Amino acid sequence: MGENTALLQVENISLSFGGVKALQGVSFDVKSGELFSIIGPNGAGKTSMLNCISGRYHPQQGEIRFREQPITKLKPNQRCNLGIGRTFQNLALFNHMSVLDNIMVGRHHLLKNNFLTGGLYWFTGARREELEHRQQVEEIIDFLEIAHIRKAQAGTLSYGLRKRVELARAVALKPDLILLDEPMAGMNHEEKEDMARYIIDLNEEWGMTVVMIEHDMGVVMDLSHRVMVLDFGQRIAAGLPDEIMDNPLVKKAYLGEEDEQPSEESAGVGEVA
Amino acid sequence: MSLGSSMRPCGDFRTKYASDMTIFATPVTRYLAVAFIIALLFVPLVGSPYVLNLMIQIGYYGIAALGLNLVVGFTGQISLGHSAFFGFGAFASAWLNNSLGIPVFFAIPLAGCLTMLAGLLVGIPAGRIKGLYLAIATLASQFILEDFFARANWFTGGSSGAMAEYFTLFGYAFDTDQSYFYVVLFYVVLMFTFTSNLIRSRDGRALIAVRDHYLSAEIMGINLTWYRVMSFGISALYAGIGGALFGHYLGFVSAEGFTIILSIQFLAMIIIGGLGSIYGTILGTIFMVLLPELMEWSTGLFSGMMPDLVQSLAYIKEMAIGLAIILFLIFEPEGLAHRWKRIKAYWKLYPFSY
């Protein structure tokens, strides 16, 4: 795949919940190898957009293509086979499993054993398969520096660590496109710096295309190759970070109007800079 | 600190990932478990028929309870119709043997497979509904199957029940408690090992993922419908094998035995033992099988003082089971397995608390 081909193409997506129009005719594309950010005030439809790409919501209109293959109709669990992984805004770990098992669940679609062969473990290659993937999962654990907690129960961890485990789980999917929904929400400065480093490494060293939602403007502007701005379900701007900073519409969306309407999407503590 | 990470003995350094993926936490616990099973092999030589009978009961109920724990404890669904599968397995095995002439040796696993098909059928609603609605759907399946047992003369012998032949292997009939004990022990070891392996491999993890967070499980590539329905099928497989062992032990299968009460008792076993715990399942089964015996024994003690007590024994048994469940839900909702973990931690860490 060439450097400039679009990995993900989103065309004219509209999504509504009853009378609430979460997304109205949003189009964009993400090139292979890009680090693409979606920003916007709370309730703008950012997470809805991500949910459409990952398959949790099915848009009423429009089409999403991944590697030029339409995926709009696919179920969420079929999309990770194609190479789409994501993290969630509100933590969505398997709380009663160990960190290691959580990440191993990410390998699910790459593993081949079923109920029968899994139960017969030693005789069917399930053990060998587990070992191979354990090796690769350990590489992810090393990369994200969570080796010390690999046996801990995920539900007992601190917020920052849980976010990191969630990232590890998404990385374990071996995606080509990774969708990060507010990877730095609720983190302190140091944790943010770490997370920013991981995201850059994922993009540059692991070769993943990243689509990120983030409220911390400093992070977004420093990390992103391109930025799209949503407001009230509509795309109001898209382009290079510097262009976005100077865009009057964006300034208006963030600072100007009183857009304090209740929104269906309760975004967390957003720092709107 | 979570119990799991701090409970490794000091000096236990692992240099291979394989040594970190074993069923038993340390080699010592593995040797102890193997030694325990070997010790069990000698029980028929020394145990009284009464003890053997109780242990065989623990065996076949334990296998069925393990199946229920897969669907309730591991996948997080509810099933109120487990005893119907248990009965289905018992009838299926007797039917395969009586009508088709399949030897009991093969009839038991085949009955498990037939029950699995029935379980998959019942599990289809589980692909779409959850919680209380699923509870009602499984309750309905319990009554449908009970009715089926009473009416399907060709399959169950109807109200007169079905005869079940003894388990035979190479002409040797396992027709005593002493010999049948080994058959049950074999299946218990087989099924519990199988489950331990299942849980530490791909599909077992998928079941737990569906329980803990089904939305993110789906994003991780797990087909929710498939795993929800399959967990019912697998649980029915266990119940079927447990039921078949039960049938060939008693030699006679009657439709009256598989009521909702037994389903509740299966639920009690896994709640008391520990939802989502494999060895908790066997602990809970031991508890539930021994509880009525204990009640009988203690009422016997008091019968000298209070002769009326013996007459109300049946009620006291029922009430004791109910009371045990309530007390466990209040004081140890995570079951005997969790309590055992706490006791181990206490000894290991004494005199410190963590």
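Listed in order, the protein sequences are those of chains A and S.
Counted from 1, the first sequence has number 181 at position 181 by this note's numbering; the numbering is strictly sequential.
Counted from 1, the second sequence has number 1057 at position 57 by this note's numbering; the numbering is strictly sequential.
Yeah, the Cβ is synthetic: ideal placement off N, Cα and C, and Gly gets one too.
The structure presented is a predicted model; accordingly, all values stated were derived computationally and were not measured.
Are residue i and residue j close, meaning C-beta to C-beta below 8 Å?
i: Gly1067 (chain S); j: Thr1285 (chain S); result: no
i: Tyr1017 (chain S); j: Leu131 (chain A); result: yes
i: Leu1360 (chain S); j: Gly1274 (chain S); result: The structure shown does not extend to residue 1360 (chain S), since chain S is modelled only from 1001 through 1354, so no value can be given for it.
i: Gly85 (chain A); j: Thr209 (chain A); result: no
i: Val1184 (chain S); j: Leu1245 (chain S); result: yes
i: Ala1268 (chain S); j: Met1288 (chain S); result: yes
i: Val165 (chain A); j: Leu157 (chain A); result: yes
i: Gly55 (chain A); j: Leu177 (chain A); result: no
i: Phe232 (chain A); j: Ile1208 (chain S); result: no
i: Pro1044 (chain S); j: Phe1192 (chain S); result: no
i: Val10 (chain A); j: Phe28 (chain A); result: yes
i: Ser1216 (chain S); j: Ala92 (chain A); result: yes
i: Ile140 (chain A); j: Gln61 (chain A); result: no
i: Phe115 (chain A); j: Leu1198 (chain S); result: yes
i: Val1071 (chain S); j: Ser1231 (chain S); result: yes
i: Asn81 (chain A); j: Ser1201 (chain S); result: no
i: Ile200 (chain A); j: Met212 (chain A); result: no
i: Asp1212 (chain S); j: His58 (chain A); result: no
Going by CA-CA distance only, name the one from the options that's closest to residue i.
i: Leu1117 (chain S); options: S:Leu1275, S:Gly1076 and S:Gly1233; result: S:Gly1233
i: Ala1255 (chain S); options: S:Arg1202, S:Phe1174, S:Ser1159 and S:Ala1107; result: S:Ser1159
i: Val1051 (chain S); options: S:Arg1339, S:Phe1170 and S:Asp1177; result: S:Asp1177
i: Asn1153 (chain S); options: S:Tyr1214, S:Gly1119 and S:Phe1091; result: S:Phe1091
i: Gln78 (chain A); options: S:Glu1332, S:Ala1345, S:Ile1330 and S:Leu1224; result: S:Leu1224
i: Asn1097 (chain S); options: S:Asp1147, S:Ala1107 and S:Ser1231; result: S:Ala1107
i: Lys73 (chain A); options: A:Ser27, A:Leu8 and A:Ile64; result: A:Ile64
i: Leu249 (chain A); options: A:Ile236, A:Arg150 and A:Ala126; result: A:Ile236
i: Phe1088 (chain S); options: S:Leu1100, S:Gly1059, S:Gly1119 and S:Leu1169; result: S:Gly1119
i: Ala168 (chain A); options: A:Ala152, A:His189 and A:Glu138; result: A:Glu138
i: Phe1036 (chain S); options: S:Val1189, S:Val1210 and S:Tyr1214; result: S:Val1189
i: Gly1059 (chain S); options: S:Gly1242, S:Pro1307 and S:Tyr1346; result: S:Gly1242
i: Arg162 (chain A); options: A:Gln136, A:Glu191 and A:Arg134; result: A:Glu191
i: Glu205 (chain A); options: A:Arg197, A:Arg134 and A:Met212; result: A:Arg197
i: Phe1252 (chain S); options: S:Asp1175, S:Ala1314, S:Ile1316 and S:Ser1231; result: S:Asp1175
i: Ala1324 (chain S); options: S:Pro1351, S:Trp1347, S:Ile1272 and S:Leu1145; result: S:Ile1272
i: Pro76 (chain A); options: S:Tyr1227, S:Ile1219, S:Leu1250 and S:Lys1348; result: S:Ile1219
What would DSSP say about residue i, mapped onto helix, strand or coil?
i: Asp216 (chain A); result: strand
i: Ile64 (chain A); result: strand
i: Ser1159 (chain S); result: helix
i: Ala1025 (chain S); result: coil
i: Tyr1172 (chain S); result: strand
i: Ile1343 (chain S); result: helix
i: Ile38 (chain A); result: strand
i: Ala1137 (chain S); result: helix
i: Gly1371 (chain S); result: Examination of residue 1371 (chain S) is not possible in this model, given that chain S is present from 1001 through 1354 alone.
i: Asp1012 (chain S); result: coil
i: Glu271 (chain A); result: Residue confidence for Glu271 (chain A) is low, a pLDDT of 45 falling below 50, so the modelled location carries little weight and cannot support an answer.
i: Asn12 (chain A); result: strand
i: Leu1080 (chain S); result: coil
i: Ala1317 (chain S); result: A quick correction: the sequence has Lys, not Ala, at residue 1317 (chain S). The answer is helix: DSSP assigns Lys1317 (chain S) an H, G or I state.
i: Lys251 (chain A); result: helix
i: Ala152 (chain A); result: coil
i: Ala44 (chain A); result: coil
i: Ala1090 (chain S); result: helix
i: Ala1337 (chain S); result: helix
i: Ala1164 (chain S); result: coil
i: Ala1152 (chain S); result: coil
i: Ser1358 (chain S); result: As displayed, chain S neither begins before 1001 nor continues past 1354, which places residue 1358 (chain S) out of reach and without an answer.
i: Lys1130 (chain S); result: coil
i: Leu157 (chain A); result: coil
Tell me which same chain residues have a C-beta within less than 6 Å of the C-beta of residue i, skipping the five on either side of it?
i: Ser1083 (chain S); result: Phe1258, Leu1262 and Ser1263
i: His1248 (chain S); result: Val1104, Ala1164 and Phe1167
i: Gly45 (chain A); result: Ala22, Leu23, Leu230 and Gly233
i: Pro183 (chain A); result: Met195
i: Glu265 (chain A); result: Reliability fails at Glu265 (chain A), whose pLDDT of 49 lies under 50, so the model's placement of it is uncertain and the value that follows must be treated cautiously. Same-chain partners within the cutoff: Gly43 and Thr47.
i: Trp1095 (chain S); result: Phe1155
i: Arg1030 (chain S); result: Phe1024
Can you find the residues in the same chain that come closer than 7 Å, C-beta to C-beta, to residue i, ignoring five residues on each side of it along the sequence?
i: Leu1134 (chain S); result: Gln1077, Ile1078, Pro1125 and Ala1126
i: Leu240 (chain A); result: Arg226
i: Gly1240 (chain S); result: Phe1085, Phe1088, Gly1089, Ala1092, Ala1111, Gly1112, Leu1114, Thr1115 and Met1116
Looking only at its chain, what residues have a beta carbon closer than 8 Å to the beta carbon of residue i, apart from the 5 residues adjacent to it on each side?
i: Asp1012 (chain S); result: Thr1026
i: His1338 (chain S); result: Gly1274, Ser1277, Gly1280 and Glu1332
Runs of beta strand (DSSP E) lying entirely within the segment 167 to 246 of chain A, each at least 3 residues, in chain order:
Whole beta strand (DSSP E) segments, 3+ residues: 177 to 181, 209 to 213, 226 to 231 and 234 to 239.
Any chance you could list the beta strand (DSSP E) runs of at least 3 consecutive residues sitting entirely within the segment 50 to 129 of chain A, in chain order?
As far as the segment 50 to 129 of chain A is concerned, its whole beta strand (DSSP E) runs of at least 3 residues are 61 to 66 and 84 to 86.
Considering only residues of the segment 1174 to 1219 of chain S, which uninterrupted beta strand (DSSP E) runs meet the minimum length of 3 residues and lie entirely inside it, listed in chain order?
Listed in chain order, there is nothing to give.
Which whole runs of the alpha helix (DSSP H) in the segment 1226 to 1304 of chain S are 4 residues long or more, in chain order?
Qualifying alpha helix (DSSP H) stretches, in chain order: 1260 to 1273 and 1278 to 1302.
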